[in-house]
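Heads up: the structure comes next, in structure tokens.
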Amino acid sequence: TLNSHIGEIINFIKANKPDIPLAVLTNGTLFGNKKVRDEIIDADLVLPSLDAASEPVFKKINRPSALLSADNYIKGLIDFRKEFAGKIWLEVMLIADYNNHEEELLRLKEAIEKIKPEGTRRFTLDWVLYNILEMKFLKGQKVRDVAKRLAMSEANLYRKQKVAIEVVAKTILEMEKQAREDVKDSS
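Numbering-wise (this note's numbering), the sequence shown opens with residue 5 and increments by one.
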């Protein structure tokens with residue numbers, strides 16, 4: 005999206021090769037700019053990156069311009085999602101000792117839920133667990149169908165499902181504990 009003629013390029017391809025799906029790979033750093041978002045609005049698929057959701061980790065991994073913050077970057081992705089009718093597939097790269105700790109993963113998860121990308125998130129354990137819970141419990145899909153979609157055996161699905169449920173239970177317990185502490189602190 006740094007190409008100042010990206011809109012013209014997309015329009016040319018769409019006009020001359022309308023049957024060919026057009027994808028734009030981008031780091032998404034300029035999505036805070038409405039003009040940039042408008043330039044790529046006619047693409048079929050956009051693949052932005054999202055490697056961090058907290059400011060310290062965002063700066064550590066991406067070394068952005070001083071004018072770009074993690075919050076503004078994520079807001080640009082969310083704004084683009086609201087305007088864009090095509091598909092968005094987020095590219096999330098996990099880096100040991102940078103963005104793979106629990107707090108950052110939870111922040112990434114929250115940001116991703118706000119961005120609402122399409123696609124099956126099956127490349128990391130977190131996304132495998134998320135997909136199992138979403139497909140099986142929220143969408144009510146059969147075990148056989150979920151296992152097939154995630155390319156795993158039903159036995160493996162049941163093992164991972166148990167882990168997913170334990171993670172959810174632990175998260176709920178932590179949230180309740182924090183809520184109790186907040187109530188206690190405010191009284």
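C-beta: ideal position from N, C-alpha, C; glycine also.
- Annotation for valine 28: the continuous beta strand (DSSP E) segment containing it runs 27–30.
- Alanine 89 and isoleucine 45 have their C-alpha atoms roughly 8 Å apart.
- Excluding residues up to 5 positions away in sequence, Asp55 lie with their Cβ nearer than 6 Å to the Cβ of methionine 97 in the same chain.
- Residues Leu137 of the same chain have their beta carbon placed closer than 8 Å to that of valine 172, with the five preceding and five following residues left out of the count.
- When the Cα atoms are used, glutamine 165 and tryptophan 131 turn out to be separated by approximately 12 Å.
- For asparagine 104, same chain residues with a beta-carbon under 7 Å away, outside a window of 5 residues either side, are Leu98 in chain order.
- For proline 60, the uninterrupted alpha helix (DSSP H) run begins and ends at 59–66, by DSSP.
- CA-to-CA, the gap between arginine 153 and serine 190 works out to about 47 Å.
- The beta-carbon distance between aspartate 101 and phenylalanine 35, rounded to whole angstroms, is 28 Å. This is too long to meet the 8 Å contact definition.
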